[in-house]
Amino acid sequence: MHDRVGAINNPSYLFSTNVYHVGPMNLWQRVRNTYQLLAAQYLFKVHIQDPSDEVVREFFGADTPPISEMLRSTSLVMINGHVSFTLARPLPPNTLEVGGLHLKNRRPDRSSAPLESELPELSRWMDGAERGVILMALGSIVTSSSLPKPAVQAFLDAFAALGPHYRVVWKYEADDIADSLPPNVRIASWLPQFDVLAHPKTVLFVGHAGLMGSSEAMFLGVPLVCIPMFGDQPFNAALFEYKGISVTLDHRRDLNKDTILAVLRKILDTDK
Numbered sequence: 015m016h017d018r019v020g021a022i023n024n025p026s027y028l029f030s031t032n033v034y035h036v037g038p039m040n041l042w043q044r045v046r047n048t049y050q051l052l053a054a055q056y057l058f059k060v061h062i063q064d065p066s067d068e069v070v071r072e073f074f075g076a077d078t079p080p081i082s083e084m085l086r087s088t089s090l091v092m093i094n095g096h097v098s099f100t101l102a103r104p105l106p107p108n109t110l111e112v113g114g115l116h117l118k119n120r121r122p123d124r125s126s127a128p129l130e131s132e133l134p135e136l137s138r139w140m141d142g143a144e145r146g147v148i149l150m151a152l153g154s155i156v157t158s159s160s161l162p163k164p165a166v167q168a169f170l171d172a173f174a175a176l177g178p179h180y181r182v183v184w185k186y187e188a189d190d191i192a193d194s195l196p197p198n199v200r201i202a203s204w205l206p207q208f209d210v211l212a213h214p215k216t217v218l219f220v221g222h223a224g225l226m227g228s229s230e231a232m233f234l235g236v237p238l239v240c241i242p243m244f245g246d247q248p249f250n251a252a253l254f255e256y257k258g259i260s261v262t263l264d265h266r267r268d269l270n271k272d273t274i275l276a277v278l279r280k281i282l283d284t285d286k
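Remember, the numbering used here sits 14 above the position in the sequence shown when you count from 1.
If you want it as structure tokens, here you go:
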């Protein structure tokens, strides 16, 4: 992106999203950040951009210029980021941060009315949560139902250990756990995510650190527990934790009952 619009991308102080670190960097971290940036640029050019020239010419004609040449004609770049949660970096006038664009017609008011009109029974069940409701949704690529069975059971055990004062709404795309749910947990294969987050009883969002759902939670003032899986998610999770709005669970080692419960209570039992 930076090359095509002439933006500064100095790895001595601007973070590569392939390095899951934010905050002040020491010398070794700067070296690693530089290496990751150069490696990503090389791999993108050699394995994605240049081989795509043949495909482009196949569909758009043999006289189509190389992608590298077309990129230099970029007039505008829109980035899924926002000054409220991204790190400071110099951007030229033809680069716009449009993160939260899907929230243009939304309001940050916490109201149960939208959910009441869509799923009235669920809304009333959430109303009955004495201390609040936790929403868990991991997106559409790595779904909750694709988690290893021990991890699924660990979440169920942790949610049960919270007791009846908290209720959990879990976007879970299968019915294999329907008969073993604790009384304070409900599952659904689809949920109106924004409306559940906007419900006044929602106190925590357990997600995968995707920018869409995370920006919705931030817009509504709901703290996060992030379980990043791939792509930009680990960097996003590190960024949100650095900003003080999230705690991260590592899917490789933290998905056990005790760690999950400790992280949930760290947020639910404090006013930070």
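Glycine included, every Cβ here is placed at the ideal spot set by N, Cα and C.
From a predicted model like this one, the values you see are computed outputs, not experimental measurements.
Check	Outcome
Can you check whether the CB of residue 78 is closer than 7 Å to the CB of residue 71?	yes
Under three-state DSSP, which class holds residue 200?	strand
Can you give me the start and stop residues for the alpha helix (DSSP H) that residue 158 sits inside?	Neither: residue 158 is in no alpha helix (DSSP H) and is coded neither H nor E.
I think residue 228 touches residue 250, with their Cβ atoms under 8 Å apart; what is that distance to the nearest whole Å?	7 Å
Per DSSP, what are the beta-bridge partners of residue 148 in this structure?	182, 218
Cα-Cα, which of 134, 182, 187 is closest to residue 156?	187
If you draw a straight line from the C-alpha of residue 271 to the C-alpha of residue 209, how long is it?	28 Å
Please give the ranges of any beta strand (DSSP E) in the stretch 76–137, keeping only runs that are unbroken, at least 3 residues long and fully inside the region.	91–93, 109–111
What does the Cβ neighbour count give for residue 150, buried or exposed, with the cut at 16 atoms within 10 Å?	buried
Counting along the chain, where does the alpha helix (DSSP H) carrying residue 48 start and finish?	41–58
Could you check the C-alpha separation between residue 53 and residue 130 for me, to the nearest Å?	50 Å
Return the CA-CA distance between residue 158 and residue 76, expressed in angstroms with no decimal places.	45 Å
Let me check understanding here. Comparing Cα to Cα, which of 273, 185, 30, 276 lies closest to residue 45?	30
Per DSSP, which one or two residues make a beta bridge with residue 263?	Looking at the DSSP assignment, residue 263 forms no beta bridge with any residue, so it has no partner.
Taking 7 Å as the threshold (C-beta atoms), are residue 112 and residue 84 in contact?	no
Restricting to Cα atoms, I'd like to know which of 26, 67, 88, 73 is closest to residue 80.	67
Three or more C-beta pairs under 8 Å: does that hold for the stretch 242–249 against the stretch 216–233?	yes
According to DSSP, is residue 195 part of a helix, a strand, or is it coil?	coil
Determine the extent of the beta strand (DSSP E) in which residue 238 is found, giving its start and end residues.	238–240
Apply the 10 Å Cβ neighbour rule to residue 95 and answer buried if 16 or more other Cβ atoms are within range, or exposed otherwise.	buried
Which residue marks the beginning of the alpha helix (DSSP H) containing residue 208, and which one marks its end?	207–212
Using a Cβ-Cβ cut-off of 8 Å (strictly less than) and excluding sequence neighbours within five positions of residue 280, which residues of its own chain qualify?	261
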